[in-house]
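If you want our numbering, it's the position in the sequence shown, counting the first as 1, plus 1.
To start, the structure under review is shown below, and the notes come after it.
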Amino acid sequence: MNNKNRLQVVLMVAAVFLCGIGYIVFGPGRTAAKPDGDAEGFVAGEGKPVTAEDKTVAADTAPGEVYIYICGAVKKPGVYTFDHLPRLSEVVDDAGGFTKKADVTSVNLAMQLSDGAQIVVAAKGERTEAAVGTGQASQGAAGNPGATSSADKININTAAADDLMRIPGIGEAKAALIISYRSEHGSFSKPEDLMQISGIKEGIFARIKDYICV
Numbered sequence: 002m003n004n005k006n007r008l009q010v011v012l013m014v015a016a017v018f019l020c021g022i023g024y025i026v027f028g029p030g031r032t033a034a035k036p037d038g039d040a041e042g043f044v045a046g047e048g049k050p051v052t053a054e055d056k057t058v059a060a061d062t063a064p065g066e067v068y069i070y071i072c073g074a075v076k077k078p079g080v081y082t083f084d085h086l087p088r089l090s091e092v093v094d095d096a097g098g099f100t101k102k103a104d105v106t107s108v109n110l111a112m113q114l115s116d117g118a119q120i121v122v123a124a125k126g127e128r129t130e131a132a133v134g135t136g137q138a139s140q141g142a143a144g145n146p147g148a149t150s151s152a153d154k155i156n157i158n159t160a161a162a163d164d165l166m167r168i169p170g171i172g173e174a175k176a177a178l179i180i181s182y183r184s185e186h187g188s189f190s191k192p193e194d195l196m197q198i199s200g201i202k203e204g205i206f207a208r209i210k211d212y213i214c215v
């Protein structure tokens, strides 16, 4: 075998050897290296590991179910739930919008509400001092759920049906019964006398006593 043929054989053997090495290193069944075991995941596009602590923080900041109570001069007063912290305008929309008697300047529709907030939409001529000054719901109405100032309470001896229906849990039927009772028996001497009305017992009275006066 001359030198030229010997060189060709050596080159062929070397090529086969290199192909074999390449198959072993890069062949099928090989997967990309994984990050260290402490990392539970990666943020897409950043390569930043997502730890268990990150997941806990994300869970803690999720709003969950948010409950808002709206009453007063809206068409469908009641408790509404959201999966986010809503603006007051969203709550008013869900409540059917304002009634014709509503003083729309008594509330700030852009205000963002927190869970458990109570909003009282005043009728024209019934705005509270806080509402007149700021255009926002008063502290008793939105900042401290359940708190009602004496100025906001409904006088069950003088209130018309529409005003009585602003009381949580008092609908059209119960408002009519209250007015009928006043016509037959005269004024209530104390708020507890409201339990003389059919359908208003201790449970309901406990929920509405902070909203009424005589």
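Idealized CB from N, CA, C, for every residue including glycine.
Quantities reported herein were computed from a predicted structural model and do not represent experimental measurements.
Practice item. Would you kindly work out how many angstroms separate the C-alpha atoms of Ala1 and Val121, rounded to a whole number? Key: In the structure displayed, the chain extends from 2 to 215; residue 1 sits before or after that span and is not available.
**Study point:** Reference Glu66; option with closest CA among Lys76, Asp84, Val80, Val75
**Key:** Start at 1 with the first residue of the sequence shown, and residue 66 comes out as number 65. With distances taken between Cα atoms, Glu66 lies closest to Asp84.
Review point. With distances taken between CB atoms, is the gap from Tyr81 to Val93 smaller than 7 Å?
Key: Translated into positions along the sequence shown, residue 81 becomes position 80. Translated into positions along the sequence shown, residue 93 becomes position 92. With a cutoff of 7 Å on beta-carbon distance, Tyr81 and Val93 are scored as not near each other.
Exercise for review: Give the straight-line distance between the Cα atoms of Ala207 and Tyr70, rounded to the nearest whole angstrom.
Suggested key: Within the sequence shown, the letter at position 206 stands for residue 207. Within the sequence shown, the letter at position 69 stands for residue 70. Between Ala207 and Tyr70, the C-alpha separation is close to 17 Å.
Practice item. Measure the Cβ-Cβ separation of Lys77 and Ala96 and say whether it is below 7 Å. Key: The residue given as residue 77 occupies position 76 in the sequence shown. The residue given as residue 96 occupies position 95 in the sequence shown. In contact: Lys77 and Ala96 (Cβ atoms closer than 7 Å).
Review point. Under a Cβ-count criterion, where at least 16 other Cβ atoms within 10 Å of its own Cβ denotes burial, should Leu114 be classed as buried or exposed?
Key: On the sequence shown, residue 114 is found 113 positions in, with the first residue counted as 1. In this structure Leu114 is buried. Its beta-carbon is surrounded by 16 or more other beta-carbon atoms within 10 angstroms.
Check your understanding: Going by beta carbon distance, what residues of the same chain come within less than 8 Å of Ser90, once the five residues before and after it are set aside?
Key -> Position 89 of the sequence shown, counted from the first residue, corresponds to residue 90. Closer than 8 Å at the Cβ level, and outside the excluded window around Ser90, lie Leu110, Ala111.
Check your understanding: Does the beta-carbon distance from Cys72 to Pro192 come in below 7 Å?
Key -> The residue given as residue 72 occupies position 71 in the sequence shown. The residue given as residue 192 occupies position 191 in the sequence shown. Not in contact: Cys72 and Pro192 (Cβ atoms no closer than 7 Å).
Exercise for review: For my contact list, Tyr212 and Gln197 are in at a C-beta cut-off of 8 Å; report their separation, rounded to the angstrom.
Suggested key: The count along the sequence shown starts at 1 and reaches residue 212 at position 211. The count along the sequence shown starts at 1 and reaches residue 197 at position 196. The beta-carbon distance between Tyr212 and Gln197, rounded to whole angstroms, is 18 Å. This is too long to meet the 8 Å contact definition.
Check your understanding: Taking the alpha helix (DSSP H) that Phe206 falls in, what are its first and last residues?
Key -> Counting from 1 along the sequence shown, the entry for residue 206 is found at position 205. The continuous alpha helix (DSSP H) containing Phe206 extends over residues 203 to 209.
Point to revise | Residues that DSSP places opposite Asn156 in a beta bridge | key: The residue you call residue 156 lines up with position 155 of the sequence shown. DSSP lists Cys214 as the beta-bridge partner residues of Asn156.
Check your understanding: For Ser199 versus Asn158, is the C-beta distance shorter than 7 Å?
Key -> To locate residue 199, count along the sequence shown from 1; it is residue 198. To locate residue 158, count along the sequence shown from 1; it is residue 157. No. Outside cutoff.
Check your understanding: Can you check whether the CB of Phe99 is closer than 7 Å to the CB of Val105?
Key -> In the sequence shown, counting from the first residue as 1, residue 105 sits at position 104. In the sequence shown, counting from the first residue as 1, residue 99 sits at position 98. Their beta carbons are under 7 Å apart, which means Val105 touches Phe99 by this criterion.
Practice item. Helix, strand or coil for Phe18, going by three-state DSSP, please let me know. Key: As a first step, residue 18 must be located in the sequence shown, where it is residue number 17. Annotated three-state conformation of Phe18 is helix, per DSSP.
Review point. So is Lys175 buried or exposed if we call it buried at 16+ other beta carbons inside 10 Å?
Key: Taking the sequence shown and counting its residues from 1, the one referred to as residue 175 is at position 174. With a threshold of 16 other beta carbon atoms within 10 Å, Lys175 meets it and is buried.
Exercise for review: Can you check DSSP and say which residues form a bridge with Ala103?
Suggested key: Within the sequence shown, the letter at position 102 stands for residue 103. DSSP lists Ala124 as partners of Ala103.
Review point. For Gln113, which residues does DSSP report across the bridge?
Key: Numbered from 1 along the sequence shown, position 112 holds the residue referred to as residue 113. Residue pairing by DSSP places Gln113 opposite Arg88 in a beta bridge.
Review point. With respect to the alpha helix (DSSP H) encompassing Ile180, which residues constitute its N-terminal and C-terminal limits?
Key: Counting from one through the sequence shown, the residue named residue 180 turns up at place 179. That run of the alpha helix (DSSP H) goes 173 to 186.
Exercise for review: For Ala59, collect the residues of the same chain with a Cβ closer than 6 Å to its Cβ; drop the 5 residues on either side in sequence, then sort them by chain order.
Suggested key: Counting from 1 along the sequence shown, the entry for residue 59 is found at position 58. Summary for Ala59: the model assigns pLDDT 48, below 50, so the residue's position carries little reliability, and this model does not support an answer.
Check your understanding: To the nearest angstrom, how far is it from the Cα of Asp153 to the Cα of Met166?
Key -> Residue numbering aside, residue 153 sits at position 152 when the sequence shown is read from its first letter. Residue numbering aside, residue 166 sits at position 165 when the sequence shown is read from its first letter. Taking C-alpha positions only, Asp153 is separated from Met166 by approximately 14 Å.
Review point. For the alpha helix (DSSP H) that Gly165 lies in, which residues bound it at each end?
Key: By 1-based counting over the sequence shown, the position of residue 165 is 164. At residue 165 the sequence reads Leu, which differs from the Gly that was named. Residues 162 to 165.
Exercise for review: Would you decide whether Ile22 is buried or exposed? Buried here means 16 or more other CB atoms lie within 10 Å of its CB.
Suggested key: On the sequence shown, residue 22 is found 21 positions in, with the first residue counted as 1. Exposed.
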